[in-house]
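Below is one structure, written out as structure tokens, with a few remarks after it.
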DNA sequence: TAATATTGGAAAGTGATACTCTCCAAAAGT
DNA sequence: ACTTTTGGAGAGTATCACTTTCCAATATTA
């Protein structure tokens, strides 16, 4: 298909597709003559993936580029891809206090979580704890504990639902679920908070027998 | 204190403080003569709150302004403040398919969640579901179920940990926990995913007896 | 075959966001 | 008297994610 059809199929303007090509987010099509290139289904999928990560996942193009690079690394083991993709989602350098870092490591150890020592999520979590402390709120140990427990339940269910088989498909699904599952989870949490707060502040409509 | 000290105490450049004042994010100090204003602890707290929401929470200044406005509404009931603050975190208009919207409403009903009909989180959740579908991934009912259950556990623990007493303080803590708890939760989820994936793909270092 | 449309490629322009800098005159400190 | 600080306002800057404009080389259509 030509670029116009790719644009129609994905609802992405031609100019934007060209921009993504220039930026290396989308691999070039098969060149047919000097002024024509052919695109295929893989371009459609890739383009939809980019848009989903950008619009629903709220990722910057720079992060998306990193994620796609990690996804395309054919050489890696499956379990390494996830870590690489996760790392691509996060800033390169994250500063965290040794205290928070130690707290995170203790948490990982207590829960027996096998996590790559290089995972940036360790530092990110620590820095988030630091940020909370800087505004005078320190997260209770048992609240953090609840967070960890529920996160584990969530993650186990997610990983269990991952498709097996075609590697490319599995990897793409994994990335999608990580990036787009976040907003879903946060929205549900806010809804649950609204419910919990309604209960706590007695704002629930009571039945009148 | 003068603006210079406010800057020193919060590590925010004077120029930026002036900018926040212009933008109405920070209430003006008490004017003392034509070229001097006095600031107090409330300004320090507010400034730190703004920075925490922006840096750790990743909120735009426009959203922060909305959240602060909701927080400052003295007239509202406590349980309304949370909903208002949550709505301020989200875009004004969110488009979602009737199907997803219905699915969300069914979920709320099944879990007996009392949620304001105007809550934008309903639409946001539905639109996130739509986004997943658009890339060809539809969220399993039982995965969504797990999400909802864990979200409820999380939210209940959070609301239970909210301080009681000083209204302003409670409201600020609520907003902080919602905005900064998100990154914490997502980081933990990614770490838990890495662990779960390590198990699934047999990458766990086994003990050798 | 002539007229029109589309393409790849590159450069320049746009609008939003979040500052940052420069300037000023009034006032405060020394 | 002199240096520093302030409030206030405007202009300038950097980044991001496009969008527009241009071109010459093809394709398609009449």
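Chains as they are written, first to last, in this note's numbering: chain A, 1 to 209; chain B, 210 to 418. Note that CB positions come from ideal geometry on N, CA and C, so glycine has one too. Just so we're clear, the structure is a prediction, and the values are computed from it rather than from any experiment.
Checklist entry - For residue 240 (chain B), does the three-state DSSP call read helix, strand or coil? => result Residue 240 (chain B): strand per DSSP, three-state reduction.
Checklist entry - Alpha carbon to alpha carbon, how far is residue 171 (chain A) from residue 217 (chain B)? => result 47 Å
Next on the checklist: Quick check: what's the CA-CA separation for residue 44 (chain A) versus residue 348 (chain B)?
Outcome noted: 21 Å
Item to check | Spatial distance of residue 237 (chain B) from residue 222 (chain B) (CA atoms) | outcome: 16 Å
Item to check | Top-ranked residue by Cα proximity to residue 271 (chain B), from B:256, B:233, B:372 and B:215 | outcome: B:233
Item to check | Interface residues of the stretch 295-323 of chain B facing chain A [CB-CB below 9 Å] | outcome: 295, 298, 299, 313, 316, 317, 320, 321, 322 and 323
Checklist entry - Once you ignore the five residues that flank residue 239 (chain B) on each side, which residues in its own chain have a CB closer than 7 Å to its CB? => result Excluding five sequence positions before and after residue 239 (chain B), the CB atoms of its chain that fall closer than 7 Å to its own CB belong to 246 and 247, given in chain order.
Checklist entry - The alpha helix (DSSP H) with residue 285 (chain B) in it runs from where to where? => result Per DSSP, residue 285 (chain B) belongs to no alpha helix (DSSP H) and is neither H nor E.
Next on the checklist: Counting only C-beta atoms, is residue 213 (chain B) closer than 7 Å to chain A at any point?
Outcome noted: Interface flag for residue 213 (chain B) against chain A is unset, since no Cβ pair is found closer than 7 Å.
Checklist entry - In this structure, what does DSSP give as the bridge partners for residue 246 (chain B)? => result B:240
Checklist entry - Where does the unbroken alpha helix (DSSP H) through residue 390 (chain B) begin, and where does it stop? => result 376-409
Checklist entry - How big is the Cα-Cα spacing for residue 391 (chain B) and residue 153 (chain A)? => result 17 Å
Checklist entry - Between the C-alpha atoms of residue 123 (chain A) and residue 262 (chain B), what's the straight-line distance to the nearest angstrom? => result 19 Å
Checklist entry - Which residue's Cα is closest to the Cα of residue 89 (chain A): B:401, B:330, B:395 and B:328? => result That would be B:395, whose Cα lies nearest to the Cα of residue 89 (chain A).
Next on the checklist: Counting C-beta neighbours from all protein chains within 10 Å, is the total for residue 87 (chain A) 16 or more, i.e. buried, or is it exposed?
Outcome noted: buried
Checklist entry - From residue 82 (chain A) to residue 336 (chain B), what distance separates their C-alpha atoms? => result Between the alpha carbons of residue 82 (chain A) and residue 336 (chain B) lies a gap of roughly 25 Å.
Next on the checklist: Any C-beta of chain B within less than 9 Å: which residues of the stretch 150-162 of chain A qualify?
Outcome noted: 150, 151, 152, 153, 154, 155, 156, 157, 158, 159, 160, 161 and 162
Item to check | Three-state secondary structure assigned by DSSP to residue 307 (chain B) | outcome: helix
Item to check | residue 367 (chain B) burial status per 10 Å Cβ neighbour count (16 or more: buried) | outcome: So residue 367 (chain B) ends up on the buried side.
Item to check | Inter-residue Cα distance where the pair is residue 259 (chain B) and residue 35 (chain A) | outcome: 51 Å
Next on the checklist: Is residue 355 (chain B) close to chain A? Criterion is C-beta to C-beta, closer than 7 Å.
Outcome noted: yes
Next on the checklist: Any beta carbon from chain A within less than 7 Å of residue 346 (chain B)'s own beta carbon?
Outcome noted: yes
Checklist entry - Is it the case that the Cβ atoms of residue 357 (chain B) and residue 408 (chain B) are separated by a distance below 7 Å? => result no
Item to check | C-beta neighbour in chain A for residue 288 (chain B), strict 7 Å | outcome: Output row for residue 288 (chain B): interface = yes.
Next on the checklist: Let me check understanding here. Comparing Cα to Cα, which of B:212, B:241, B:229 and B:281 lies closest to residue 384 (chain B)?
Outcome noted: B:281
Checklist entry - What's the C-alpha gap between residue 416 (chain B) and residue 74 (chain A)? => result For residue 416 (chain B), the predicted model reports a pLDDT of 43, less than 50, meaning its position is unreliable; a value from the coordinates is still stated below. Looking at the two C-alpha atoms, the distance is approximately 29 Å.
Item to check | Assigned secondary structure, residue 233 (chain B) (DSSP; H/G/I helix, E/B strand, else coil) | outcome: coil
Item to check | Closer than 8 Å at the beta carbon, the chain B residues around residue 140 (chain A) | outcome: 370
Checklist entry - Can you list the residues of chain A that residue 278 (chain B) reaches, using a CB-CB cut of under 8 Å? => result Ordered by position in chain A, no residue passes the 8 Å Cβ test against residue 278 (chain B), which lies about 18 Å from the chain.
Item to check | is_contact[residue 410 (chain B), chain A] using C-beta, thresh 7 Å | outcome: yes
Next on the checklist: I need the straight-line Cα distance from residue 100 (chain A) to residue 264 (chain B), nearest angstrom please.
Outcome noted: 17 Å
Checklist entry - Does any residue of chain A bring its CB to less than 7 Å from the CB of residue 405 (chain B)? => result With 7 Å as the cut-off, residue 405 (chain B) counts as an interface residue toward chain A.
Checklist entry - The alpha helix (DSSP H) spanning residue 220 (chain A) covers which residue range? => result Nothing can be reported for residue 220 (chain A): it is not among the residues displayed for chain A, which extend from 1 to 209.
Checklist entry - Cα separation between residue 235 (chain B) and residue 130 (chain A)? => result Rounded to whole angstroms, residue 235 (chain B) to residue 130 (chain A) spans 23 Å at the Cα level.
Checklist entry - Taking Cβ-Cβ distances shorter than 7 Å, what residues in chain A pair up with residue 391 (chain B)? => result 186
Checklist entry - If you draw a straight line from the alpha carbon of residue 424 (chain B) to that of residue 303 (chain B), how long is it in whole angstroms? => result Since the first and last residues shown for chain B are 210 and 418, residue 424 (chain B) lies out of range.
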